[in-house]
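For reference, the structure is listed below as structure tokens.
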Amino acid sequence: MNRKDFLKGLGLAGAASVLPAGIALNRLKADNEPPSSCVLIPTETEGPFPLDLSANTAFFRQDIREDKTGIQLNLRLKIIGQDNCYPMSNVRVNIWHCDKDGLYSGYSLNNNPGQAGKTYLRGYQITDANGEVEFITILPGWYQGRVCHIHFQVYVSSSYSVISQLTFDPAIKNAIYAANSGLYTKGSDPLTIDKDDIFADGYAYQLATLTQDTATGGYESYLEVTVKGSGSLSTGYIEKQNEKVFALGQNFPNPYNSSTTIPFTLKTAADVRLDLYDLMGRKVATIDKADLNSGEHRVDIDVEKLGLAPGNYVYQINVRTASGTYTDHKMMTALR
Numbered sequence: 058m059n060r061k062d063f064l065k066g067l068g069l070a071g072a073a074s075v076l077p078a079g080i081a082l083n084r085l086k087a088d089n090e091p092p093s094s095c096v097l098i099p100t101e102t103e104g105p106f107p108l109d110l111s112a113n114t115a116f117f118r119q120d121i122r123e124d125k126t127g128i129q130l131n132l133r134l135k136i137i138g139q140d141n142c143y144p145m146s147n148v149r150v151n152i153w154h155c156d157k158d159g160l161y162s163g164y165s166l167n168n169n170p171g172q173a174g175k176t177y178l179r180g181y182q183i184t185d186a187n188g189e190v191e192f193i194t195i196l197p198g199w200y201q202g203r204v205c206h207i208h209f210q211v212y213v214s215s216s217y218s219v220i221s222q223l224t225f226d227p228a229i230k231n232a233i234y235a236a237n238s239g240l241y242t243k244g245s246d247p248l249t250i251d252k253d254d255i256f257a258d259g260y261a262y263q264l265a266t267l268t269q270d271t272a273t274g275g276y277e278s279y280l281e282v283t284v285k286g287s288g289s290l291s292t293g294y295i296e297k298q299n300e301k302v303f304a305l306g307q308n309f310p311n312p313y314n315s316s317t318t319i320p321f322t323l324k325t326a327a328d329v330r331l332d333l334y335d336l337m338g339r340k341v342a343t344i345d346k347a348d349l350n351s352g353e354h355r356v357d358i359d360v361e362k363l364g365l366a367p368g369n370y371v372y373q374i375n376v377r378t379a380s381g382t383y384t385d386h387k388m389m390t391a392l393r
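Per the working numbering, residue 58 is the first one in the sequence shown, and the count goes up by one each step.
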């Protein structure tokens with residue numbers, strides 16, 4: 058796949074497909090019930106080792122481990138809009154964290170030697186119909202002055218994003234380190250959460266669950282993250298430019314079984330290409346529609362006829378007009 062074609066110009070990305078053992082996407086609540094609480098997630102520093110993930114589409118992936126060893130961690134984040142406490146779909150979520158020895162990819166500094174140019178343990182996904190993303194990673198280690206933690210950014214639109222961090226129950230985390238001392242050779246995390254500079258002012262809404270996953274031999278983690286907004290996305294400059302040319306609708310039904318319909322509206326004549334992507338950023342299908350007139354249009358998708366396995370996919374529309382090319386995307390969620 059030519060990754061630079063994926064969501065080019067938007068800095069937004071995400072997808073899903075059939076998941077490896079131990080991951081379970083799309084835990085849709087009955088009657089779309091809101092979560093029990095929706096307190097705004099605290100904003101935190103991006104840390105000393107950030108990377109602009111939107112500048113490198115290689116980070117669009119669910120499995121971010123690369124060659125890093127450690128106890129497998131299946132991390133699930135649910136994004137909630139503060140305005141109505143309902144899940145926010147089609148929102149991009151970035152995560153990044155250190156390896157089992159406390160090192161970050163992308164930087165070579167005195168306390169982080171030999172890691173420049175590396176990309177491990179960084180990635181992004183798009184929230185599904187239940188407002189959720191999932192990542193396959195490892196349980197991070199720790200380093201001097203910080204408890205074990207994971208950075209994340211919720212990219213709601215081209216004009217609004219939130220950066221925060223999550224951590225885990227110290228007793229559970231240190232028990233895992235102790236039980237796997239051959240991997241986590243630095244031993245138990247010596248710092249308590251209340252002594253950590255980032256979490257010292259409170260961490261009640263940043264403490265993720267950590268439970269054993271018998272299917273993988275690793276652990277599962279879950280956190281609800283509330284950001285400003287509602288079930289519908291906010292709008293920034295790029296979105297407003299798109300609105301002058303076209304509007305991409307949510308597929309219906311969504312969640313879908315084996316077939317679904319993608320609606321879009323053109324405000325001017327255009328050539329349209331619709332691409333489907335899986336979780337690891339691979340383009341798996343392309344549908345071309347040339348010389349379309351302005352007005353409402355639909356594309357019917359049958360994943361079985363396309364030779365695809367049932368699952369979640371991101372669909373991206375590329376609208377080519379005399380004035381330029383415009384793109385947008387949404388997640389289509391499989392019924393489970």
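We put the CB at the ideal spot given by N, CA and C, even for glycine.
Counting along the chain, residue 298 sits inside the alpha helix (DSSP H) bounded by residues 294-300. Around the beta-carbon of residue 310, fewer than 16 other beta-carbon atoms lie within 10 Å, marking it exposed. In the DSSP assignment, residue 234 falls within the alpha helix (DSSP H) that extends over 227-236.
The three-state secondary structure of residue 272, taken from DSSP, is coil. Non-local C-beta neighbours of residue 130 in its own chain, meaning closer than 7 Å and more than five positions away in sequence, comprise 194, 195, 196, 275, 276 and 278, ordered along the chain. Annotation for residue 387: the continuous beta strand (DSSP E) segment containing it runs 381-389. The alpha carbon of residue 264 has as its nearest neighbour, out of 320, 328 and 249, the alpha carbon of 249. Cβ atoms of residue 312 and residue 186 come within 8 Å of each other, at about 6 Å. DSSP lists 333 and 387 as the bridge partner or partners of residue 372. Per the coordinates, the alpha-carbon of residue 282 lies some 6 Å from the alpha-carbon of residue 98. Boundaries of the beta strand (DSSP E) harbouring residue 189: 189-195, taken from the DSSP string. About 4 Å separates the Cβ atoms of residue 149 and residue 212, confirming a contact at the 8 Å cut-off. When the Cα atoms are used, residue 138 and residue 221 turn out to be separated by approximately 16 Å. Residue 157 sits buried, since 16 or more C-beta atoms from the chains shown fall within 10 Å of its C-beta. Residue environment analysis places residue 118 among the buried positions, since at least 16 neighbouring C-beta atoms fall within 10 angstroms of its C-beta. Residue pairing by DSSP leaves residue 157 without any beta bridge partner. Of the residues 330, 155, 354 and 201, the one whose Cα lies closest to the Cα of residue 343 is 330. Taking the CA atoms as reference points, residue 378 sits about 49 Å from residue 205. The stretch 234-249 and the stretch 162-182 do not touch, with fewer than 3 CB-CB distances between them shorter than 8 Å.
Inclusion of residue 188 and residue 135 in the CB contact set at 8 Å is warranted, their separation being smaller than that value.
Between residue 320 and residue 353, the C-beta gap is smaller than 8 Å, which places the two residues in contact.
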